[in-house]
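Colleague: Residue numbers (our numbering): 67 to 199.
All C-beta atoms, glycine included, are put in the ideal place defined by N, C-alpha and C.
All values derive from a computational prediction rather than experimental measurement.
Got a structure for you, written out below as structure tokens; questions coming shortly.
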């Protein structure tokens with residue numbers, strides 16, 4: 067099962083390392099010791115925390131990652147549902163929840179499971195724009 071350093075968790079959650087430390091110190095985010103003094107966050111726990119934290123959050127304008135790939139969302143897998151041939155993979159990337167339908171074979175070959183870090187790349191022919199009331 068994957069585990070994450072404070073810095074890695076901060077990057078995935080879109081906050082500072084100090085914020086992750088405060089959440090851990092206050093008991094909001096479970097953290098263990100890995101080796102001599104290194105603090106680590108379990109991937110499944112981090113996935114659950116990211117999902118819970120994202121409820122009620124709204125994307126912030128100007129928060130795009132500096133990359134030429136405009137529709138790439140780095141995040142943590144929060145759910146995998148497998149069928150005989152297909153699979154549904156849910157990724158939490160900051161306040162964004164991305165759901166992808168892929169083959170079961172792809173999920174197994176890539177080792178995708180809850181708590182793993184992935185990048186969801188989105189290409190769409192339809193884009194809808196809404197205003198916030």
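Given that a residue counts as buried once 16 or more other Cβ atoms are within 10 Å of its Cβ, and exposed if not, what is residue 12?
Modeller: In the structure displayed, the chain extends from 67 to 199; residue 12 sits before or after that span and is not available.
Colleague: Any chance you could list the alpha helix (DSSP H) runs of at least 4 consecutive residues sitting entirely within the region 78-102, in chain order?
Modeller: 83-91
Colleague: Quick check: the Cα distance between residue 73 and residue 148, rounded to an integer number of angstroms?
Modeller: 31 Å
Colleague: Give me the Cβ distance between residue 169 and residue 152, rounded to the nearest whole Å; I'm assuming they're in contact under 8 Å.
Modeller: 6 Å
Colleague: Who pairs with residue 147 in a beta bridge, going by DSSP?
Modeller: 154
Colleague: Starting from residue 168 and walking both ways along the beta strand (DSSP E), at which residues does that stretch end?
Modeller: 162-169
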